[in-house]
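Taking it in order: structure first as structure tokens, then the write-up.
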Amino acid sequence: MKKVFLLSQVLFAINIIILIIIPAIFLILFNIFPNLDSSENGLGAYPLACFIWGIAGLMLTIPFAVVMAITYAIYKKYNNH
459 MKKVFLLSQV LFAINIIILI IIPAIFLILF NIFPNLDSSE NGLGAYPLAC FIWGIAGLML
519 TIPFAVVMAI TYAIYKKYNN H
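Written as structure tokens, this is what we have:
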């Protein structure tokens, strides 16, 4: 039970990283190196793709993480080993 709970939280964290950290890194790189093409036809497509993948992943992992957190809390409450 604990392994499945941990897996659900790790998947949730990975999607948060995809949604927030990777586009932020690209935006910092675009500010540091202004000669990079940050339009939709250049490298600007990658932060947009990470944003879309992050949202789609969160739509799958948020319900799974919530259900597993509730299930794990109930399991810990009634299983006092």
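Residues in the sequence shown are numbered from 459 upward in steps of one, following the numbering used here. Even glycine gets a Cβ: it sits at the ideal position worked out from N, Cα and C.
C-alpha distance - residue i paired with residue j, whole-angstrom precision
i	j	result
Asp495	Ile483	15 Å
Lys534	Asn489	48 Å
Ile424	Ile486	The requested residue 424 does not occur in the structure, where the chain is confined to residues 459 to 539.
Leu506	Leu465	26 Å
Ile460	Ala527	The identity of residue 460 in the sequence shown is Lys, whereas the question assumes Ile. Each residue's alpha carbon lies about 10 Å from the other.
Ile510	Ile479	13 Å
Asn493	Pro481	18 Å
Asn499	Cys508	15 Å
Val525	Phe491	43 Å
Ile532	Pro521	17 Å
Sequence-distant residues of the same chain with beta carbon closer than 7 Å to residue i, five excluded per side
i	result
Asn538	none
Gln467	Ala523
Neighbourhood of residue i by C-beta distance below 6 Å, restricted to the same chain and skipping five residues each side
i	result
Pro473	The sequence given here has Asn at residue 473, not Pro. If we look at Asn473 and ignore the five residues flanking it on each side, its Cβ neighbours are Gly512, Gly515, Leu516 and Thr519.
Phe603	Look at the range of the chain in this structure, 459 to 539, and you will see that residue 603 is not part of it.
Whole-angstrom C-beta distance between residue j and residue i, which should lie under 8 Å
i	j	result
Tyr530	Phe463	4 Å
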